[in-house]
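Enquirer: Chains A and B supply the protein sequences, listed in that same order. Residue 5 is where the first sequence starts when you use my numbering, and the numbers rise one by one after that. Residue 443 is where the second sequence starts when you use my numbering, and the numbers rise one by one after that. All C-beta atoms, glycine included, are put in the ideal place defined by N, C-alpha and C. Predicted, not measured: the structure shown is a model, and the values here were computed from it. I am attaching a structure below and will ask some questions about it afterwards.
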Amino acid sequence: MADTTGTADPAVIAGTEGEGIRRRDFINIAAVGAAGVGGIATLVPLISQMAPSKDVLAESSTEVDLAAIQPGQAIKAIFRKQPLFIRNLTAKEIAEANAVDVASLRDPQTLDERTKPGKENWLITMGVCTHLGCVPLGAAEGEVKGEFGGYFCPCHGSSYDTAARIRKGPAPKNLEVPEYEFTSDTVVKIG
Amino acid sequence: MSFPWANHYTPSHPVMKWMDEKLPLPRLVYNAVGAGYPVPRNLNYMWNFGVLAGFCLMLQIVTGVILAMHYAANAGVAFASTEHIMRDVNWGWMLRYAHANGASAFFVVVYLHIFRGFYFGSYKAPREMIWLLGVVIFLLMMATAFMGYVLPWGQMSFWGAKVITGLFGAIPVVGEPIQQWLLGGFAPDNAALNRFFSLHFLLPFVIAGVVILHIWALHIPGSSNPTGVEVKSESDTVPFHPYYTAKDGFGLGVFLLIYCAFLFFMPNQLGHPDNYIPANPLSTPAHIVPEWYFWPFYAILRAFTFDIFFIPAKLMGVLAMFSAILVWFFLPWLDNSPVRSGHYRPMFKKFFWILVIDMAVLFYCGGAPAEEPFVMMSQIATAYYFLHFLVVLPLVALMEKPKPLPFSITEAVLGSDDAAKLAAKS
């Protein structure tokens, strides 16, 4: 404990430093280090509490019965508290979507890539504009479908085509296709 | 911190003397906004808006704390509790209208305060820190106003929250997790509403703290003035009280007349009817716009409808919108002219008014639907906005030949300042 008795002789202090780390330095670094790690650890709950809570995450997948949707019709369902568009495409709309040169698209995807094999007429997408999250128009009866016949977002003017691909306006991506599977011929399970 | 000729605080009453020894708060007030603060004698009415902004902050805090006593921050009942305030709470309608229109009034006076700074070069040395703190206050105000607008949980509240938090989704890779973290879910819901309420209550007090720093920084060099010439002698100043307390009092009276005209005769003029429809996550209002005070920046956000190199349009719009305010942080160093006041800068003055027109165009386009010709107008106005700050201001400072400055404030006011000239010679 020679170095903690407060000697004024610099030679004594220099001598003890030469032997390695002083006890006081060790205690200082250990204390500040422990407090620092503890402080950072405290931030974890403070930040993590803002993330979606268990009940929000636990929202189960959604099942929709498609039997009543006629060709040319669309419905809005709810999936994770967000709108979901389910559209029964007509033969003409499928032809329109397939006629587009995929390479010319902003987010190149074919209609086949956005639907399930054998179910090309069922276009299932989120009803959330990929620009800033508005609900595009075009799913309900009588709503504007935009100049490409799909969906039109009234917020900032993004237009989607009959495969819900972005064709014009500020949105960067096609309307998102969620994970889903057909559990029977007319029932689809999303999520 | 003050000029040598400032009045000294000398309490005469024994209680005030006792107080001054223990806690010199009255002395602080006397030196900050009383007779102990010498202010240039030539301030015009554009110098009223700092005090008016302070008044608006107090108004918002008082009405806001009262509204919080009756409001319930739960997505299930928020809209109903707002209607409860409007219909059932004694004077609730008045307090809510006072708070809603108070926000608009706050932004009006702050915009005028900012444009006063633009024109008279208030951001220039040695007042850069006052300016920087002011920009921080403005950013905090925007955040507070946005979160407050979400609380009634009407259609515009909900979709405003969705669009603005959607901005963070534009950030590459981490955008979507950040957005979900901010909202506490996949879309605005109870978690988002609760945290917005908590922060909307907190931020005004943070603003009040930064306002104190803003005034502290102001009192080091003292107030600027319309000539931009620094104070040289006692004849250039008058004490803040009674001269400017009186002038600010008159200004406050005029302000209150206009504010009360809105409050009592057209309280919904600046709002959106859509916000009296309860929030519906499945239906976006046909024409979704923020409150009027965000329009110029909203127009900049929407101006980017095309990708620039590898940056997608959406991210570009977000970056541009934030940059439009962040560029103000660099203003003291972008405008290098040694002359402060626009009065003596003929070329700068023209470009100042072009900027005002440019921002008026952005304002108009921000409130208009997202269709031509407004998109193109926004694009041109956005390009000019950044051109003004990044190119025009530095070049004007280099090329311009300013008009001769008066020797002193006294000379500018009285036509001659013999005493100061003699003092300068000796």
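1. Taking the alpha carbon of W601/B as the point to measure from, which residue in N178/A, V132/A, R169/A has its own alpha carbon closest?
2. Could you check whether L88/A and M130/A sit closer than 8 Å to each other, using their CB atoms as the reference points?
3. In the DSSP assignment, find the beta strand (DSSP E) that holds L88/A and state where it starts and stops.
4. Please work out which residues of its chain come closer than 8 Å, Cβ to Cβ, to D462/B, disregarding the five sequence neighbours upstream and downstream, and give them in chain order.
5. Are S546/B and L712/B closer than 8 Å when you measure CB to CB?
6. L582/B to T187/A, Cα distance in whole Å?
7. Use the C-beta contact count for I98/A: other C-beta atoms within 10 angstroms, 16 or more gives buried, fewer gives exposed.
8. Does Q113/A have its Cβ less than 8 Å from a Cβ in chain B?
9. For S163/A, which residues does DSSP report across the bridge?
10. Using CA coordinates, which residue listed in L141/A, S57/A, I44/A is at the minimum distance from L625/B?
11. Might you give, ordered along the chain, the residues of its own chain that have their beta carbon closer than 6 Å to the beta carbon of T166/A, omitting 5 neighbours on each side?
12. Could you work out which residues of chain A lie near D631/B, taking near to mean beta carbons separated by less than 8 Å?
13. Would you call S162/A buried or exposed, if buried means 16 or more other Cβ atoms sit within 10 Å of its Cβ?
14. Would you verify that the beta carbon of P56/A is, or is not, closer than 8 Å to some beta carbon of chain B?
15. Please find out if some non-hydrogen atom of the ligand FMN comes closer than 7 Å to the beta-carbon of G24/A.
16. Grab the span of the alpha helix (DSSP H) containing T524/B for me, first residue to last.
17. Using a Cβ cut-off of 7 Å, which residues of the segment 642-654 of chain B contact any Cβ in chain D, in chain order?
18. Find the nearest neighbour of I606/B within the set A168/A, K172/A, R169/A, C159/A, judged by alpha-carbon distance.
19. Using a C-beta cutoff of 8 Å, does P49/A count as contacting chain B?
20. Contact check, P449/B vs P681/B under 8 Å by CB: the rounded distance?
21. Against chain B, with Cβ distances strictly below 8 Å, would V158/A count as a contact?
22. What three-state label does DSSP hand D69/A in the structure shown?
23. Below 8 Å between beta carbons is the criterion; list the residues of the segment 445-476 of chain B that meet it against any residue of chain A, in chain order.
24. Rounded to whole angstroms, how far is the Cβ of T66/A from the Cβ of A45/A, which I believe are closer than 8 Å?
25. Strictly below 9 Å CB to CB, what residues from chain A border Q622/B?
26. Bridge partners of A587/B, per DSSP?
27. So, helix, strand or coil for F870/B, using DSSP?
28. By the criterion of Cβ-Cβ separation under 9 Å, what are the contact partners of W595/B in chain A?
29. What are the boundary residues of the beta strand (DSSP E) that A81/A is part of?
30. Among G43/A, R171/A, K120/A, which has the Cα closest to the Cα of E185/A?
31. Is the CB of L724/B under 8 Å away from at least one CB in chain A?
32. Would you be able to state if there are at least three C-beta pairs under 8 Å between the segment 564-573 of chain B and the segment 653-664 of chain B?
33. Count Cβ pairs between the segment 613-629 of chain B and the segment 531-545 of chain B that sit closer than 8 Å; are there 3 or more?
34. Cβ of V139/A less than 8 Å from any chain B Cβ?
35. Could you have a look at K193/A and say whether DSSP puts it in helix, strand or coil?
36. Comparing alpha-carbon positions, which option in V41/A, G43/A, I170/A lies nearest A107/A?
Expert: Answer, in terms of the structure:
1. V132/A
2. yes
3. 86-92
4. Y451, P453, P468, R469
5. yes
6. 51 Å
7. buried
8. no
9. F156/A, K172/A
10. S57/A
11. E97, E100, A101, G153, G154
12. V60, K85
13. buried
14. yes
15. The ligand FMN is absent from the structure shown, which contains no ligand whatsoever.
16. 520-529
17. Note that chain D does not occur in the displayed structure, where the protein chains are A and B.
18. C159/A
19. no
20. Correcting the residue type first, residue 449/B is Asn in the shown sequence and not Pro. Indeed they touch by this definition, with Cβ atoms about 6 Å apart.
21. The question names Val, but residue 158/A is Pro in the sequence shown. Yes, P158/A lies at the interface with chain B (some Cβ there is under 8 Å from its Cβ).
22. strand
23. none
24. So it is not a contact: roughly 38 Å between Cβ atoms.
25. A55, P56
26. Answer is none; A587/B lacks a bridge partner.
27. Chain B is shown only over 443 to 868; residue 870/B falls outside these bounds and no answer can be derived.
28. The contacting residues do not exist; W595/B stays about 14 Å from chain A at best.
29. 78-83
30. K120/A
31. yes
32. yes
33. no
34. yes
35. strand
36. I170/A
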